[in-house]
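Chemist:
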Amino acid sequence: MPLYRDEAIVLRTHKLGEADRIITLLTRHHGRVRAVAKGVRRTASKFGSRLEPFTHVDLQLAEGRNLDTITQAETLDPFAAGVGLDYERYTAGTVMLETAERLATEEREPSLQQFLLLVGGLRAMVSGDRGPGQVLDSYLLRSLSVAGYAPSFHHCARCGVEGPHRWFNHAMGGVLCATCRVPGSASPAPATLELLGSLLAGDWPAVAAADARTRKEASGLVAAYLHWHLERGLRSMEHVER
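Positions 0 to 241 (numbering that gives the first Met the number 0) are the ones given, in order, by the sequence shown.
#1: Please classify H299: does DSSP put it in a helix, a strand, or coil?
#2: Using three-state DSSP, classify F248 as helix, strand or coil.
#3: Answer yes if the stretch 130–150 comes into contact with the stretch 96–109, meaning at least three C-beta pairs across the two stretches below 8 Å, and no otherwise.
#4: What are the residues that DSSP puts in a beta bridge with K14?
#5: My assumption, with CB atoms under 8 Å, is that T54 sits in contact with P77. Please give the rounded CB distance.
#6: Identify whether R122 lies in helix, strand or coil by the three-state DSSP scheme.
#7: To the nearest angstrom, how far is it from the Cα of M171 to the Cα of R180?
#8: Going by DSSP in three states, H29 sits in which element: helix, strand or coil?
#9: Where do the N-terminal and C-terminal ends of the alpha helix (DSSP H) with L60 fall, by residue?
#10: I think R4 touches L58, with their Cβ atoms under 8 Å apart; what is that distance to the nearest whole Å?
#11: Let me make sure I understand the geometry here. Which of T68, C155 and P187 has the alpha-carbon closest to that of C176?
#12: List in chain order: all unbroken beta strand (DSSP E) runs of 3+ residues lying wholly within the stretch 36–108.
#13: Taking buried to mean at least 16 other C-beta atoms within 10 Å of its own C-beta, is T104 buried or exposed?
#14: DSSP on Y148, reduced to helix/strand/coil?
#15: With a floor of 4 residues, list each alpha helix (DSSP H) that falls wholly inside the stretch 170–200, ordered by position along the chain.
#16: Please report the distance separating the alpha-carbon of W195 from that of L143.
#17: Per DSSP, A7 forms a beta bridge with which residues?
#18: Classify H13 as buried or exposed, calling it buried when 16 or more other Cβ atoms lie within 10 Å of its own Cβ.
#19: Determine, using beta carbons only, whether F152 comes closer than 8 Å to chain B.
#20: Could you name the residues of the same chain whose beta carbon sits closer than 6 Å to that of F114, not counting the 5 residues immediately before and after it, in chain order?
#21: Would V174 pass as a contact of F152 if the rule is Cβ separation under 8 Å?
#22: Grouping DSSP H, G and I as helix and E and B as strand, with all else coil, what is L2?
#23: Pick helix, strand or coil for A209, following the three-state DSSP scheme.
#24: Report yes or no: do the stretch 122–134 and the stretch 76–90 share at least 3 C-beta pairs separated by less than 8 Å?
Structure (structure tokens):
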């Protein structure tokens with residue numbers, strides 16, 4: 000069987016037979032890949048803990064008809080250890096993994112930007128320099144943008160007129176001017192829209208300056224925007240405090 004190498008983030012795993020697992024990966028060059036890790040559930044497995052969710056690994060795989068087979072695995076970044084130390088980080092990180100899997104819709108379709116965003120997001124999550132909620136919201140907005148769902152927080156999402164604008168509608172793609180406003184639009188505080196723009200841009204000093212009420216309202220809008228564009232909710236999101 001042809002062999003290839005790639006680096007990947009382990010998104011999730013599930014059991015196969017008595018000792019194997021199917022590993023769902025987001026790879027740097029091959030997009031989303033599902034592969035078998037043979038014997039990984041045995042105590043003496045050569046893979047150890049290197050194929051657990053969150054782990055950033057360098058892999059050798061053998062191509063298969065339906066599923067590839069992992070033949071070698073070396074840890075690059077043990078994100079699982081850092082994320083698992085804190086419940087808030089763990090739940091936020093789980094949402095990141097599920098989002099990455101949902102946005103990488105086609106197997107073996109290269110998703111380099113999504114891969115790099117996920118690696119950077121997990122690295123920020125385990126560093127502890129920023130709050131898990133803010134890292135998650137920034138990651139979600141950026142990953143949606145890369146997937147083609149970039150929200151507008153300053154120009155009207157319908158007519159393009161420059162803001163600031165008062166109304167926000169996730170189905171319309173962001174803020175709306177008074178002329179384009181549609182029924183059901185939210186009316187967030189101006190500071191919330193500014194925070195959303197800062198999260199999307201990675202303006203961390205501005206993010207850090209936001210108060211708790213503004214952060215909570217922004218998180219709610221991010222969750223609603225994500226839910227709309229994924230068309231169904233994330234199971235992992237219900238465990239995150241918003």
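Where a beta carbon is used, it is the ideal one built from N, C-alpha and C, also for glycine.
Modeler: This is what the structure gives:
#1: With the chain represented from 0 up to 241, any question about residue 299 goes unanswered, as that position is not in the structure.
#2: The structure shown has nothing for residue 248, since the chain only spans 0 to 241.
#3: yes
#4: As a position in the sequence shown, residue 14 is number 15, starting the count at 1. According to DSSP, K14 bridges with R20.
#5: Your numbering for residue 54 matches position 55 in the sequence shown. Your numbering for residue 77 matches position 78 in the sequence shown. Confirmed, Cβ separation roughly 6 Å.
#6: Start at 1 with the first residue of the sequence shown, and residue 122 comes out as number 123. In this structure, R122 counts as helix in the three-state DSSP scheme.
#7: As a first step, residue 171 is located in the sequence shown; it is residue number 172 there, counting from the start. As a first step, residue 180 is located in the sequence shown; it is residue number 181 there, counting from the start. In a straight line, the C-alpha of M171 is about 9 Å away from that of R180.
#8: Your numbering for residue 29 matches position 30 in the sequence shown. Three-state result, H29: coil.
#9: Counting from 1 along the sequence shown, the entry for residue 60 is found at position 61. Per DSSP, L60 belongs to no alpha helix (DSSP H); it is in the beta strand (DSSP E), H55 to A61.
#10: The count along the sequence shown starts at 1 and reaches residue 4 at position 5. The count along the sequence shown starts at 1 and reaches residue 58 at position 59. Correct: roughly 7 Å between the Cβ atoms.
#11: Within the sequence shown, residue 176 is the residue found at index 177, counting from 1. Looking at the Cα atoms, C155 is the closest of the given residues.
#12: 55–61 and 67–76
#13: Position 105 of the sequence shown, counting from 1, holds the residue named residue 104. Exposed is the call here.
#14: For the purposes of this step, residue 148 is taken as residue 149 along the sequence shown, with counting starting at 1. Annotated three-state conformation of Y148 is coil, per DSSP.
#15: 189–200
#16: Position 196 of the sequence shown, counted from the first residue, corresponds to residue 195. Position 144 of the sequence shown, counted from the first residue, corresponds to residue 143. According to the sequence provided, residue 195 is Leu. The question's Trp does not apply to it. Roughly 13 Å separates the two Cα atoms.
#17: As a working mapping, residue 7 is identified with position 8 in the sequence shown. Paired residue(s): T26 and V56.
#18: Here residue 13 refers to the residue found at position 14 when the sequence shown is read from its first residue. When all chains shown are included, H13 counts as exposed.
#19: The structure shown contains no chain B; it is built from a single protein chain.
#20: To locate residue 114, count along the sequence shown from 1; it is residue 115. If you ignore the 5 residues before and after F114, its C-beta comes within less than 6 Å of the C-beta of L25 and R27, all in its own chain and listed in chain order.
#21: Start at 1 with the first residue of the sequence shown, and residue 174 comes out as number 175. Start at 1 with the first residue of the sequence shown, and residue 152 comes out as number 153. Against a cut-off of 8 Å, the Cβ pair of F152 and V174 comes out as a contact.
#22: In the sequence shown, residue 2 corresponds to position 3, counting from 1. Strand at L2.
#23: Looking up residue 209 in the sequence shown gives position 210. Correct three-state label for A209: coil.
#24: yes
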